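The opening position of the sequence shown corresponds to residue 4 in UniProt numbering, with each subsequent residue numbered one higher. No residue lacks a Cβ here, since even glycine has one placed at the ideal position from N, Cα and C. Only a predicted model underlies this, so the values are computations on that prediction, with no experimental measurement involved. The structure appears right after this line, and notes come after that.
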Amino acid sequence: LHQRDGWIWKNGEWLPWREATTHLLTHSLHYGMGCFEGVRAYRDDNGNARLFRVHEHTRRLLDSAHILDLEVPWSHEELIEAQSQCLVRNGLTDAYLKPTVFLGPEGLGLRAKALSCQVMVVAWDLGPYVSAETAAVGLRALTSSWARHHVNISACRAKTSGHYVNSMLALNTAVKAGFDEAVMLDAEGYVAEASAANVFLYRDGVLHTPEVTSCLQGITRDSVIRLAREVLGVEVQERRITRDELYIADEAFVTGTAAEILPLRELDGRHIGARAGAPGVAEPIAADSLTARLQRLYRDVCRGRLSPATNGDRHDLARYADWLSLVPTD
Ligand code: PMP
């Protein structure tokens, strides 16, 4: 990943990709204090890049930094401009961006003073991050023995770099055991989220998702809640959920910026929903399932297909126009 052409924004400067290095004493490398965002840009039907909900992502980045008491020396607008320019400079339209805040190398130890607060923005072509097959057949997940963060142990509203140690313990354990994903419970045993995605279940016409206590307040989560309520007229409840409720759901799925909306087809060896096929058999979800309808809506909104004439299910999605920020090509 590091040996390629391109430009990375660091503290207001554009560094050639291969030369964008940092000192080994970089404080955040040692203790994990830092925060980041994952942002998507989509290529619309005219070939232009549009950043998806970049205002919300940038706000969450600055909120994360504030929670961690990191003083970011850049404004909301400057950070959006850096993300925009990062696409232009790298000639990207369909891309994943990772704005990251970290502490510099001026000192080591927890009591280090006067550490610089550094910011970088890096973007790359995500490629086919999720295959069409995975988006249709979904994931097999294992409930993790690793509990998700607790509000008394860490600050769960922040997207903290160090939080991902916990995510990776859970994900790696699940993957080594032959699963695709981990479902993580909070410290009291209720469903929190997947390793890097929020979790939803649909049963008897109502969509349910855990309230944001231990899980990240996902921006895709918010988009899905709004699309379900406002476009499909589906009731959505945010509440405590137990793992067995996922076992008996009609449908379940996970949401995240990179993965978008992915069906959860199996949890702990139990098949989820009334789809044909035995556990372990991958059947594509039905085109009229809520999961598939939300997938289509979400894809259409991300790609700017907002008028009923341009989107798959002929919905008027004009009210979501402000989720997309056109990247000026200069
Ligand atoms: N939870 C965790 C732990 C995550 O890392 C992510 C990905 N950012 C999500 C949920 C989904 O959040 P979003 O929809 O904002 O990408």
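Residues near I156 by beta carbon distance below 8 Å, same chain, minus five either side | Locating residue 156 in the sequence shown gives position 153, counting from the first residue. Only A190 meet the Cβ criterion.
Contacting residues, own chain, Cβ-Cβ under 7 Å from A235 (five flanking each side not counted) | Taking the first residue of the sequence shown as position 1, residue 235 is located at position 232. A small correction: the amino acid at residue 235 is Leu; Ala does not occupy that position in the sequence shown. Once the five neighbours on either side are set aside, the close Cβ partners of L235 are R296.
Exposure label - K116; buried when at least 16 CB within 10 Å = Position 113 of the sequence shown, counted from the first residue, corresponds to residue 116. Flag for K116 reads exposed.
Hey, quick one: how far does the beta strand (DSSP E) through C38 stretch, first residue to last?
-> Position 35 of the sequence shown, counted from the first residue, corresponds to residue 38. In the DSSP assignment, C38 falls within the beta strand (DSSP E) that extends over 37-39.
T163 beta carbon near ligand 1 (any heavy atom closer than 6 Å) | Numbered from 1 along the sequence shown, position 160 holds the residue referred to as residue 163. Not so, every heavy atom of ligand 1 lies at least 6 Å from the Cβ.
If we ignore side chains and look at the alpha-carbon of each, how far apart do N14 and P311 end up?
-> Along the sequence shown, one-based indexing puts residue 14 at 11. Along the sequence shown, one-based indexing puts residue 311 at 308. Spanning the two alpha carbons is a distance of roughly 42 Å.
Taking only the alpha-carbon atoms, compute the straight-line gap between L111 and Q6 and give it to the nearest angstrom.
-> In the sequence shown, residue 111 corresponds to position 108, counting from 1. In the sequence shown, residue 6 corresponds to position 3, counting from 1. Here the alpha carbons of Q6 and L111 stand approximately 29 Å from one another.
Going by the CB atoms, is the gap between L210 and V237 shorter than 7 Å?
-> Taking the first residue of the sequence shown as position 1, residue 237 is located at position 234. Taking the first residue of the sequence shown as position 1, residue 210 is located at position 207. It is a contact, given that the beta carbons lie within the stated cut-off.
From the DSSP output, which residues share a beta bridge with M187?
-> Translated into positions along the sequence shown, residue 187 becomes position 184. Looking at the DSSP assignment, M187 forms a beta bridge with E196.
Write down every uninterrupted run of the alpha helix (DSSP H) in the segment 248-333 whose length is 4 residues or greater and which is fully enclosed by it, in chain order.
-> 293-305
Cut-off 6 Å between Cβ atoms - residues of its own chain near S87, not counting five sequence neighbours on either side | By one-based count along the sequence shown, residue 87 stands at place 84. By the criterion of a C-beta distance shorter than 6 Å, S87 is surrounded in its chain by V330, once the five residues flanking it on both sides are discounted.
DSSP bridge partner residues for R53 (one or two, in chain order) = Walking along the sequence shown from the start, residue 53 turns up at place 50. In the DSSP output, where bridge partners are listed per residue, R53 has Y45, L329.
Would you mind working out which of L54, L73, E263 sits nearest Q121, comparing C-alpha positions?
-> For the purposes of this step, residue 121 is identified with residue 118 of the sequence shown, where counting begins at 1. The shortest Cα separation from Q121 among L54, L73, E263 belongs to L73.
Residues near C305 by beta carbon distance below 6 Å, same chain, minus five either side | Locating residue 305 in the sequence shown gives position 302, counting from the first residue. Y45, F55, listed in sequence order.
Going by the C-beta, is G35 closer than 6 Å to any heavy atom of ligand 1?
-> Here the question's residue 35 lines up with position 32 in the sequence shown. Flag unset: Cβ of G35 not near ligand 1.
Cβ-Cβ distance between Y301 and R273 below 7 Å | Residue numbering aside, residue 301 sits at position 298 when the sequence shown is read from its first letter. Residue numbering aside, residue 273 sits at position 270 when the sequence shown is read from its first letter. Going by C-beta atoms, Y301 is not nearer than 7 Å to R273.
Just confirm the distance between the C-beta atoms of S198 and E184, as a whole number of angstroms; I'd bet it's less than 8 Å.
-> As a working mapping, residue 198 is identified with position 195 in the sequence shown. As a working mapping, residue 184 is identified with position 181 in the sequence shown. Their Cβ separation, rounded to whole angstroms, is 6 Å, which keeps S198 and E184 in contact under 8 Å.
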